[in-house]
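The structure under discussion appears below in the form of structure tokens.
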């Protein structure tokens, strides 16, 4: 029997429009608030259904079509009419359609999340479960942000994670590539090319290349001085 507290009851469904309106701003026509909208609508769906990551389950539509139609309605009520006309099928497919319309992966966001994940430490007194959930949450954030989980994808991220603050244009270059081809993951080769291009730009602007590290110096190599140039040493002069 339906009850007032059953999210599938007619009374609950009658109040759905008001509930969605009060949960947060609707998706804008241009999708400029997509990230905030997605967060709010997913949180509302989890609160209503009592299930975490409801939209990640591919079998929900087949197992519970009635409930899935209600979740579909939550999504439909939170978007402009023109967007709603494009939605069909399951709640999961509706969310995928909207994501394809307005979500563009950001390399800057990928690297920021990677850094946040690597900064998570298990400190004295911290609950192990809390630590593990924090790490897992960052991995899920990367997954939702469209990061490509492959050997090549991780290698490219590691290339970029080691860059200093002077290489800000690397992310700018890769962001533009993702914007143009959102379905094509950034490759390690593309990261390498962006790094080399930025390094060359810095040389052109400053007239000097990056200083070599000690690992690249051959201390046993013989230095050849220009003819006629003297090298002043402490308490004397050496002339080749």
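Residue numbers (our numbering): 27 to 266. Where a beta carbon is used, it is the ideal one built from N, C-alpha and C, also for glycine.
Asked                                                                                                                       : Found
Neighbourhood of residue 33 by C-beta distance below 6 Å, restricted to the same chain and skipping five residues each side : 74
Proximity of residue 116 and residue 87 at Cβ, strictly below 7 Å                                                           : yes
Reduced DSSP secondary structure (H/G/I, E/B, other) of residue 91                                                          : helix
Alpha-carbon to alpha-carbon, residue 197 and residue 342                                                                   : With the chain covering 27 to 266 only, the question about residue 342 has no answer from this structure.
Which listed residue (211, 50, 185 and 155) has its alpha carbon closest to that of residue 220                             : 185
Cβ-Cβ separation, residue 100 to residue 67 (assumed contact under 8 Å), whole Å                                            : 7 Å
First through last residue of the alpha helix (DSSP H) which encompasses residue 151                                        : Residue 151 -> no alpha helix (DSSP H), and no H or E assigned at all.
CB contact flag (residue 135, residue 164, <7 Å)                                                                            : no
At least three beta-carbon pairs within less than 8 Å, the region 119-135 to the region 55-67                               : yes
From 215, 224, 131 and 155, residue whose alpha carbon lies closest to that of residue 191                                  : 224
DSSP-derived helix/strand/coil call for residue 67                                                                          : helix
Beta-carbon proximity of residue 179 to residue 131, cut-off 7 Å                                                            : no
Buried/exposed call for residue 161, threshold 16 Cβ in 10 Å                                                                : exposed
Rounded straight-line distance, which links the Cα of residue 199 to that of residue 41                                     : 47 Å
Candidates 222, 175 and 231: closest to residue 210 by CA position                                                          : 175
Distance between beta carbons of residue 202 and residue 140, contact taken as under 8 Å                                    : Not a contact, Cβ separation roughly 20 Å.
Rounded Cβ spacing between residue 122 and residue 98 (contact assumed at less than 8 Å)                                    : Not quite, the Cβ-Cβ distance comes to about 12 Å (not below 8 Å), so this is no contact.
Sequence-distant residues of the same chain with beta carbon closer than 7 Å to residue 150, five excluded per side         : none
Anticipated Cβ contact below 8 Å, residue 46 with residue 103, distance rounded                                             : 4 Å
Minimum C-alpha distance to residue 168 - residue among 49, 137 and 158                                                     : 137
Helix, strand or coil at residue 202 [DSSP, three-state]                                                                    : helix
Straight-line Cα distance separating residue 114 from residue 53                                                            : 17 Å
Rounded C-alpha distance that separates residue 245 from residue 212                                                        : With a pLDDT of only 43 at residue 245, under the threshold of 50, the placement of this residue in the model should not be trusted, and no figure is reported.
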